[in-house]
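Structure first, commentary second.
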Amino acid sequence: MLWTHTFIPTLKETPAEAEIASHKLLLRAGLIRKLTGGLYTFLPLGVRALRKVEKIVREEMNRAGALEVLMPALQPPEIWEKSGRLVTASDVLFKLRDRAKKEWLLGPTHEEVITTLVAGEINSYRQLPRNFYQIQTKFRDEIRPRFGLMRAKEFIMKDAYSFDATDELAQVSYQKMYDAYTRIFARCGLKALPVEADTGVMGGKFSHEFMVPAETGENEVVYCDGCRYAANLEKAVSAGPAVATSTAPATAELEKFPTPGVVTIDALAAAPYLVPAERQIKTLVYLADSKLVLILLRGDDQLNEAKLVATLGTPHVRPASAEEIFGALSAHPGSLGAVGVTTLPVYADTVLTNATEMTTGANEDGFHFRNVSAARDLKVTHWADFRSVKVGEACAKCGQPLKIQRAIEVGHVFKLGTKYSEKLSAYFLDENGKQQPAVMGCYGIGVTRTMQAVIEQSHDKDGVIWPISVAPYTVCLTPLSVTPGGPVMALAEKLHAELEAAGVDVILDDRDERPGVKFKDSELVGFPIRVGIGEKSLAKGEVELKTRGGQLVPVPVGEIVARVMGLIAAAQ
RNA sequence: CGGAGCGUAGCUCAGCCUGGUAGAGCACUUGGUUUGGGACCAAGACGUCGCAGGUUCAAAUCCUGUCGCUCCGACCA
């Protein structure tokens, strides 16, 4: 390809809209342009990188035995009604109407469609297992699109769905995808780590996310250096808080005491009260499906909303307003407690089990209770884990201190079970002639996000540093003079032809620009291999080989093609 | 959805407070000089100042509304 024949609009200045390095570089290197918030056009270079990621995904999915299909992006709401997700996933659904005023939606994912297909086509255990995948544009009404391709209203996703006859066989399918994902991200040059994850609105039994460590990531991963434990903060557990909860026998009487103006944990921990946060019970009031619930946590703990949603079994959860709270408890936030509360469900964190000598709000502004015993004074209706793990807490498996790292989620594998197959009637007859629901798994990769994650993880002050596997072009030929018929251009064209014939993705920078402009652009775009051809070195029978980020090496003209081919082979 | 900020040339921004001829740099066009790390000189083209309404002799500037974009938050009582 000739540079002047393609379209690479590089930018010297950073567009004001971009915040993180990868987003800035996608724009500056001429890979994408924004149409509007959360919607982007892929330019020729962006398409090439994207196709390379897709190619790797296809090869590994095919290798793992999955079959490529292509489903409609436009979907009827009826199948979402059946699965129950018309309500539970309503926040992310793009809905529209046709001329007859019938409602449709743009697919954010395809469990309903594929399960409907399988329900009609697969009737016997002899037809299982099956794994269907597609690479397709998804639509999600994101609460806040940001960071370019990282979180967009429209994005390209690889989604796969496995169907098995038994739970054990479904586990095999799950493991195949898990292994395929490990290979895919490695081939993309990404350090991606699998972590235990929350299943969220997808439902299902358990899941793993593939996380790319990055300070700009939107997720937090808890991991242990002592063993292999790693989990999304939304799901992570530890051996417990660093300071144990008091469980001394409850002897002292419950006692109300005045705390005028005290409405925070910190204020109660300070003079003159001096009640340490770990001796306080924090009382939160939430609305779950429009019904009030109390959530009790230890004062130094933080509520993990994902765990709350998982326990309550509904995604429609929000903190109650001060008015709603006052209406139910006759007190304002800061003076709340569960002592004597019997009319509302009380969900307490397990850290408070058998807690004694605790202090909590008295449901009367300006008063707290001390000497609270959980067993004696609280009517807890549900015990569960609601707290977020903190850095340094002991690993539940091996006892080593846990660490936390921000990360970008690039892939997610779910063991779904029979939730969708039952609701959408994907049954088959087993070898005993008995009707069974297919056991499902689903597996997603954010293809466009993966492409951006590669840049986020691999760049420097000058631009992108593409791994050869996903670079838009592998080799950039940089003649320092483009005089037609001159020795420099003649050699550039010869090398271009030879490399293309050898199947190398090569671009020839035939622009009549000063060398500095060409060097800067090649580094901004991030081609892995650059071959500089100038009169000075050519006089010595040499060209200049430079890998992105590496040293410039003179190479005899006759050896350059072999050297380039060697570099490419070494990267595979 | 709440809060904050910003909408002026293709891009980055100044001008707005204190109303009176719409600007700079980059990019673009033409000519010339340059030519190994984002050149220089000269000339030129490019704007309904997001949109709508209002105040005023006069609005990019003041007021109201609206749309869009960016960031923070939407958990810690």
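For what it's worth, our numbering labels the leading residue of the first sequence as 1, then goes sequentially.
Beta carbons are placed, not taken as given, at the ideal position from N, Cα and C, and that holds for glycine.
Predicted model only: the values in this text are computed from it and were never measured.
Apply the 10 Å Cβ neighbour rule to residue i and answer buried if 16 or more other Cβ atoms are within range, or exposed otherwise.
| i | result |
| --- | --- |
| Gln302 | exposed |
| Pro145 | buried |
| Ser335 | buried |
| Cys227 | exposed |
| Gly217 | buried |
| His5 | exposed |
| Val464 | buried |
| Ala407 | buried |
| Leu297 | buried |
| Asp300 | buried |
| Ser458 | buried |
| Glu168 | exposed |
| Pro437 | buried |
| Leu495 | buried |
| Glu542 | buried |
| Asn304 | buried |
| Glu68 | exposed |
| Asp510 | buried |
| Gln551 | exposed |
| Asn432 | exposed |
| Ile143 | exposed |
| Ala269 | buried |
| Asp289 | exposed |
Can you tell me whether DSSP reads residue i as helix, strand or coil?
| i | result |
| --- | --- |
| His5 | helix |
| Glu401 | Contrary to the premise, residue 401 reads as Pro rather than Glu in this sequence. Of the three classes helix, strand and coil, the one that applies to Pro401 here is strand, per DSSP. |
| Asn62 | helix |
| Ser162 | strand |
| Tyr420 | helix |
| Val561 | helix |
| Tyr229 | coil |
| Gln280 | strand |
| Phe519 | helix |
| Leu43 | coil |
| Leu254 | coil |
| Ala310 | helix |
| Ala396 | coil |
| Ser537 | helix |
| Gly327 | helix |
| Thr547 | strand |
| Phe132 | strand |
| Ala288 | strand |
| Arg187 | helix |
| Met177 | helix |
Going by beta carbon distance, what residues of the same chain come within less than 6 Å of residue i, once the five residues before and after it are set aside?
| i | result |
| --- | --- |
| Ala374 | Leu352 and Ala355 |
| Pro472 | Leu45, Arg48 and Ala49 |
| Thr311 | Ala384 |
| Asp141 | Val92 and Phe94 |
| Ala165 | Tyr125 and Leu128 |
| Gly30 | Ile8, Pro9, Thr10, Leu43 and Leu45 |
| Thr448 | Leu149, Phe155 and Ile156 |
| Tyr40 | Ile32 and Lys34 |
| Lys12 | none |
| Ala119 | Leu424, Ser425 and Ala426 |
| Phe147 | Ile20 and His23 |
So, at 7 Å on beta carbons, what are the nonlocal neighbours of residue i in its own chain, with the 5 sequence-adjacent residues on each side left out?
| i | result |
| --- | --- |
| Gly534 | Leu480 and Val488 |
| Val346 | Leu294, Leu296, Ala338, Leu378, Lys379, Val380 and Thr381 |
| Leu25 | Ile455, His459, Gly463 and Val464 |
| Leu329 | Leu336 and Asn363 |
| Asp98 | Trp104 |
| Ser537 | Val543, Glu544 and Pro554 |
| Asp549 | Here the sequence assigns Gly to residue 549, which means Asp is not the residue at that position. These residues qualify, in order along the chain: Asp460 and Ile465. |
Below 8 Å CB to CB, which residues in the same chain sit around residue i once its five sequence neighbours on both sides are set aside?
| i | result |
| --- | --- |
| Thr393 | Contrary to the premise, residue 393 reads as Glu rather than Thr in this sequence. Cβ neighbours of Glu393 beyond the five flanking positions: Ser238, Ala239, Gly240, Pro241, Ala242, Pro401 and Leu402. |
| Glu220 | Asn232, Leu233, Ile404, Gln405, Arg406 and Ala407 |
| His332 | Val263, Ala322, Ile325, Phe326 and Asp365 |
Quick check: is any heavy atom of the ligand MN less than 7 Å from the C-beta of residue i?
| i | result |
| --- | --- |
| Glu54 | Inclusion of the ligand MN in the displayed structure is not the case, the ligand content being empty and no account of it being possible. |
Every unbroken beta strand (DSSP E) within the stretch 452 to 498, with a cutoff of 3 residues, ordered by chain: The qualifying runs are 475 to 479.
Sequence ranges, alpha helix (DSSP H) only - wholly within the stretch 96 to 124, length at least 4: Whole alpha helix (DSSP H) segments, 4+ residues: 111 to 121.
Three-pair Cβ contact test at 8 Å for the stretch 10 to 22 versus the stretch 438 to 449: For the pair of segments examined, the stretch 10 to 22 was found not to touch the stretch 438 to 449: the number of CB pairs separated by less than 8 Å stays below three.
Touch test, the stretch 206 to 213 against the stretch 243 to 251, Cβ-Cβ under 8 Å, three pairs minimum: Because the criterion of three Cβ pairs below 8 Å is not met, the stretch 206 to 213 and the stretch 243 to 251 do not touch.
3 or more residues per run - each beta strand (DSSP E) lying fully within the stretch 364 to 390: Those beta strand (DSSP E) runs which fall completely within the stretch 364 to 390 and span 3+ residues are 367 to 372 and 382 to 384.
Cβ contact check for the stretch 128 to 144 and the stretch 185 to 192: 3 or more pairs under 8 Å: With the rule of 3 Cβ pairs closer than 8 Å, the stretch 128 to 144 does not count as touching the stretch 185 to 192.
Cβ contact check for the stretch 55 to 71 and the stretch 552 to 565: 3 or more pairs under 8 Å: Short answer: they don't touch.
The stretch 246 to 259 / the stretch 413 to 421 touching (three or more Cβ pairs under 8 Å): Taking 8 Å as the limit for Cβ pairs, the verdict is that the stretch 413 to 421 does not touch the stretch 246 to 259.
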